[in-house]
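Below is one structure, written out as structure tokens; the observations come after it.
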Amino acid sequence: MTTQWNPFAYQQDPTRRWALAGGPDARWWVAPAVCTLALMLSAWLDLSVLSGIGSTPDVAALIYTLPVALVGASWLLPHRRGLRGARIGLAASGVGVALMASKVLAMGLMFLFLFVALLCGWNYEG
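For what it's worth, this note's numbering labels the leading residue of the sequence shown as 356, then goes sequentially.
Quick look at the structure:
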């Protein structure tokens, strides 16, 4: 079975150079879908870890604002073959930012704990 494209949905507009980059892309949804699943898995893992230490989901909502915007922008790009690289780049960078932001936050909390414990003389003997 072949897919027939609507010729009126993909009119060539000479004023927009990005729209001239290839015809319709049949698999435009693959990269955004995979990265959306990876982003949801990362958010679920971070929320489970944050709830384990007694934190509220407000921190995770603040961390995941930029990654959700990047993955969301990858869904909204026009479905052209020439924009496949931009779509993959946006979605992958959103997942990368999500994975790294939580690790940077954890490292910052560790450094804060070490500062309080070692330099300020906090003694944890119970």
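Every residue, glycine too, gets a C-beta built ideally from N, C-alpha and C. Bear in mind the structure is a predicted one, so any value in this text is a computation, not a measurement.
Please state the DSSP three-state secondary structure of residue i.
i: Pro-422; result: helix
i: Pro-387; result: helix
i: Arg-435; result: strand
So, residue i versus residue j, is the Cβ gap smaller than 8 angstroms?
i: Leu-394; j: Gly-463; result: no
i: Ser-482; j: Leu-454; result: With the chain represented from 356 up to 481, any question about residue 482 goes unanswered, as that position is not in the structure.
i: Arg-439; j: Gly-378; result: no
Excluding the 5 residues preceding and the 5 following residue i in the sequence, name in chain order all residues of the same chain whose CB lies nearer than 7 angstroms to its CB.
i: Ala-441; result: Leu-432
i: Leu-460; result: Ile-418
Excluding sequence positions up to five away, which residues of its chain have a Cβ less than 6 angstroms from the Cβ of residue i?
i: Asp-401; result: Ala-415 and Ser-457
i: Trp-383; result: His-434
i: Tyr-467; result: According to the sequence provided, residue 467 is Leu. The question's Tyr does not apply to it. Same-chain partners within the cutoff: there are none.
Among the residues of its own chain, which have a CB less than 8 angstroms from the CB of residue i, if the five just before and after it don't count?
i: Ala-446; result: Ala-386, Pro-387, Val-389, Cys-390, Thr-391, Leu-425, Val-426 and Ser-429
i: Val-452; result: Leu-421, Pro-422 and Leu-425
i: Gly-476; result: none
Between the options, which has its C-alpha nearest residue i's C-alpha?
i: Asp-380; options: Phe-470, Leu-405 and Ile-443; result: Ile-443
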